[in-house]
Amino acid sequence: MPTPREIKRRIGSIRNTQKITKAMEMVSSVKLRKAKAQILNARPYSEKLAAMAAQLRKSHASSMSPLLVSRNVKKIGLVLVSSDKGLCGGFNANVVKKGLEFMRENSDKEIVLTLVGKKVVETYRHKNIEASEKYTDIFFKPDYSGAIKISTKLLSDFRAHNIDEVVIVYNEFKSSASQKIKVETLLPVPKIESGQTVNADYIFEPEGKECLDVLLSKYFVFQIWRIILESYAGEQGARMAAMNGASKNAGELIAKFTLFYNKARQASITNELLEVVSGAEALR
């Protein structure tokens, strides 16, 4: 059985770990609040953009845009979105697993991989799976420029017929305790559902294909931005839950080892008393 000193040292070590997990939980809580605020702030622009795109798509010009035309899919641009850091439960493992599953299901097609986040980049490198594009700096401080960087390459490849479809795998943010893995097709642009009732009679200038292409390109970039925000919020929620669980486990271990410590100390004191009594008896 360990000595009281060894048990006390272990209790101290667990307490220090608990301080770290509690601090990480608090930091993630602050980041989550900021991410939620960003999502709410982006919503009005998203709704207005969707309303305008939906309105224009109803016109005759909708048939002109290559971003709307479905193709015979031979090459799929698969985008996997993870986090840059760990300690967030199964957040990253779920993306990796779903990505591999998608590749197996579409083994008859060529997959052009785009990896977003250090964790998925590291995992796929260890599995010797090549990626066309890698982005490992998006979540350090998420901003709109990151979405532009990712979407510019994807749009260029789609227009050049280097890929026939863009599919993205990410963690959709549900709540601070819940994230749902989601597979979403972004190109060709699916039917845009607008939650707004369009009362305005828009005059689009220039008319036709050019205007629609610009709107749909902006809509696509904004979808990437929305997914970045969703994933970032989900990461912070997952880390909060993981660190909260770790803190609780640490508390249980501290209680367990404190009991061991008290028993060991009691046994040590009992032994010392027996030695004193035995010594006194020997001196008689």
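Heads up: the sequence shown begins at 847 in this note's numbering, then just goes up one per residue. Glycine included, C-beta positions come from ideal geometry on N, C-alpha and C. Keep in mind that this is a model prediction, so the values were computed, not measured.
Collapsed DSSP secondary structure at residue i in the structure displayed
i, result
"residue 961", "strand"
"residue 1099", "helix"
"residue 1035", "coil"
"residue 1109", "helix"
"residue 1014", "strand"
"residue 922", "strand"
"residue 979", "strand"
"residue 941", "helix"
"residue 1064", "helix"
"residue 915", "coil"
"residue 1115", "helix"
"residue 908", "Confidence at residue 908 is low in this model, with a pLDDT of 47, below 50, so the placement of that residue should be treated as unreliable; the coordinate-derived value is given next. If DSSP states are grouped into helix, strand and coil, residue 908 belongs with the helices."
"residue 932", "coil"
"residue 1124", "helix"
"residue 986", "coil"
"residue 1074", "helix"
"residue 1131", "Because residue 1131 is not part of the residues shown, which for the chain are 847 to 1130, the question remains open."
"residue 1090", "helix"
DSSP bridge partner residues for residue i (one or two, in chain order)
i, result
"residue 1025", "1019"
"residue 956", "921"
"residue 927", "962"
"residue 1056", "Beta-bridge pairing links residue 1056 to no other residue."
"residue 1030", "1014"
Residue j beta carbon less than 7 Å from that of residue i
i, j, result
"residue 944", "residue 1070", "no"
"residue 1084", "residue 935", "yes"
"residue 938", "residue 928", "yes"
"residue 1073", "residue 990", "no"
"residue 913", "residue 1067", "no"
"residue 1058", "residue 892", "no"
"residue 1101", "residue 853", "no"
"residue 863", "residue 1096", "yes"
"residue 856", "residue 1103", "yes"
"residue 1013", "residue 1000", "no"
"residue 1004", "residue 1033", "yes"
"residue 902", "residue 966", "no"
"residue 1076", "residue 1018", "yes"
"residue 888", "residue 1038", "no"
"residue 1010", "residue 950", "no"
"residue 900", "residue 1061", "no"
Contact test: residue i Cβ vs the ligand MN heavy atom, cutoff 6 Å
i, result
"residue 1107", "The model depicted lacks the ligand MN and carries no ligand whatsoever."
Run of the alpha helix (DSSP H) containing residue i, from where it starts to where it stops
i, result
"residue 869", "850–903"
"residue 1133", "What is shown of the chain runs 847 to 1130, which leaves residue 1133 out entirely."
Cutoff 7 Å: residue i Cβ touching any chain D Cβ
i, result
"residue 936", "Here chain D cannot be found, since the structure has a single protein chain."
For the structure I just gave you, are there three or more beta carbon pairs, one from the region 867–877 and one from the region 1090–1098, closer than 8 Å? yes
Stretch-stretch touch, CB-based, cutoff 8 Å, three pairs: the region 950–962 with the region 910–926: yes
Using 8 Å as the cut-off, can you tell me whether the region 974–984 makes contact with the region 992–1000, which would need three or more C-beta pairs spanning the two stretches below that distance? yes
Sufficient close CB pairs (3 or more, under 8 Å) joining the region 1005–1025 to the region 1075–1082: yes
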